[in-house]
Structures are given as C-alpha cells and as structure tokens.
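In what follows, a single structure is set out as structure tokens and then discussed.
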Amino acid sequence: MPRTRPLVAGLAVAVVALFATAAPASAHDKLVSSDPASDETLQEAPETVSLRYSADVLDMGAAVVVTDGDGTDWVSDAPLIDGAVVTAALDPGLPDGGYEIRWRVVSSDGHPITGIVPFAVGDGEETGAGSGSGSDDAGDDAVGAADEPPSDEPASGEPAPGEAAPGATTQSSTQNQTAQKDEGPWRVVLVGAGGAAVAAALFALVHFLRRRSDARGSDDAGNTPDASGTL
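Heads up: the sequence shown is residues -27 to -1, 1 to 204, going by mature numbering (1 follows the signal peptide of the UniProt record, and there is no 0).
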C-alpha cells in the first residue's frame, strides 16, 4: 500500500503540530517584578506602586489596592496601564506598618490573573501574605502571587478598586504560598480531546485504504490471463 504512506505521514505530522503548539498557548502572563518589591521594607512612604508583567496586559479589568493591617485602601485613583507596567498612585502620608498590594489584571491571552505583594514602611512588620518569588503549576516564576483577587468583577468590566479587597488580616506565610490562577487543566482536556479525534480519524482512514487496496489486489488477481493467453 505505497500510496497510503504519504497521506499517513502527513496526518502524523498534523497530530504532532497540534500538541507542539498547544503548550505555549496555555501559558498566561506572569508578574516579573514590582516596586516596592515583595517583602521590601521602605524607609519612606511611597507615592506610587508599580507592577511589571511578562507581556503587555489588556487595558481592561485591572484593579490594584494597597491595604494596611486594618484593611484600609490607600490607592487614590484607578491604575494606569502602560504596556506591561501597571501603576497605581497612593494617598500621601502612609504610616509605618505592613501593607499588601493586591492586584488583578487581564493577561495578553485574555485570562485574568491575580496576586499579592507584601511590603512594609518604616519599622512596621510585614504583612502575612506570601513572600518572595514563587512558581505556579506550570513552573514559571511569579512575584508575590496569591490566591485571592482584589475584585470579583468580570474581566470585561472596570472594577472599583475601593470595593475590590476584603479586610486584610495577618495570615501565616505557609497559607499564602505564591500561586497564580490558571485555567490550564481545561486547555489540556480540550487539546487531549482534539488529539484523540485526530488519531481516531487517522486510524479509520488507514483501515479504509487497506481494505480498498486489498479489494483492488483481489480484482487484479482474478483478471490475470492464464497460460493459454485467455482471461
């Protein structure tokens, strides 16, 4: 069945390409740095906080709040988005103490991601949010990522930062290990289903071509002339 080999090879290449391109598509943007940095202690109160991501985030659905130990939000205005950098201005006069930057943005692939960056001013103790850099399920680096978003508003709307965060309380760092939300499992299921469908179609096609080739071989054998030269 020589004629079937190029077609089978082409379908096999298509299956490999399907799985090769699916893995990068499932990766969301990550928070790569922040100012203040995670767990940094500042001698003077900052006027702004900024967050830098691994790619340009979408200009919608962003929310940033900076809460103290009593849950008071010190962000004075809506966050500004400039490509991969999100900046939020703060009210003047932050007292010494621990704070949390609680953020929510929509990554370039359309999926919302959230996190928490703890820092302190003066001699104040740091908040109990997750500290340092961590990694999510995919193994990529993240800075101060956490489970709780600053807002429950959908990605298509503009959430109000003042209403976005619940009261912040001191928690253990173990309970707030860094991990960004990811919808990767659903993508894996969809990719797996697609691959199974392609594999099933490939098997059915090969089976059909084999039967057709066998039938054609039987017809050719029946039409072979005998020794006398007659059919």
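C-beta atoms are modelled at their ideal positions from N, C-alpha and C, and glycine is treated no differently.
Everything numeric in this text was worked out from a predicted model, so none of it was measured.
Inter-residue Cα distance where the pair is residue i and residue j
{"i": "Asp50", "j": "Glu20", "result": "12 Å"}
{"i": "Met33", "j": "Gly83", "result": "10 Å"}
{"i": "Lys3", "j": "Trp76", "result": "12 Å"}
{"i": "Val38", "j": "Asp46", "result": "6 Å"}
{"i": "Asp96", "j": "Glu13", "result": "11 Å"}
{"i": "Glu73", "j": "Ala(-1)", "result": "26 Å"}
{"i": "Thr151", "j": "Phe92", "result": "The pLDDT assigned to Thr151 is 41, lower than 50, so where the model puts this residue is not dependable, and the model offers no usable value."}
{"i": "Ile86", "j": "Val79", "result": "6 Å"}
{"i": "Ala36", "j": "Pro52", "result": "7 Å"}
{"i": "Val59", "j": "Asp43", "result": "25 Å"}
{"i": "His24", "j": "Phe181", "result": "The residue asked about is misnamed: residue 24 is Leu in this sequence, not His. Leu24 and Phe181: Cα-Cα distance of roughly 57 Å."}
{"i": "Asp29", "j": "Ile54", "result": "9 Å"}
{"i": "Ala61", "j": "Leu178", "result": "58 Å"}
{"i": "Pro65", "j": "Ala10", "result": "19 Å"}
{"i": "Leu63", "j": "Gly88", "result": "18 Å"}
{"i": "Gly56", "j": "Val22", "result": "16 Å"}
Simplified DSSP assignment, three categories, for residue i
{"i": "Leu178", "result": "helix"}
{"i": "Arg184", "result": "helix"}
{"i": "Thr45", "result": "coil"}
{"i": "Val30", "result": "coil"}
{"i": "Asp2", "result": "coil"}
{"i": "Asp8", "result": "strand"}
Residues that DSSP places opposite residue i in a beta bridge
{"i": "Val78", "result": "Ile86"}
{"i": "Leu15", "result": "Val94"}
{"i": "Gly71", "result": "Ala93"}
{"i": "Asp55", "result": "Val58"}
{"i": "Val37", "result": "Trp76"}
Cβ-heavy atom distance, residue i to the ligand FAD, below 7 Å
{"i": "Gly71", "result": "Here there are no bound small molecules, and the ligand FAD is not part of this structure."}
Anticipated Cβ contact below 8 Å, residue i with residue j, distance rounded
{"i": "Val5", "j": "Tyr26", "result": "6 Å"}
{"i": "Val94", "j": "Asp69", "result": "5 Å"}
{"i": "Leu31", "j": "Ser81", "result": "7 Å"}
Any chain C beta carbon closer than 8 Å to residue i
{"i": "Asp32", "result": "As a matter of chain content, chain C is missing from the structure shown, which is built from one protein chain."}
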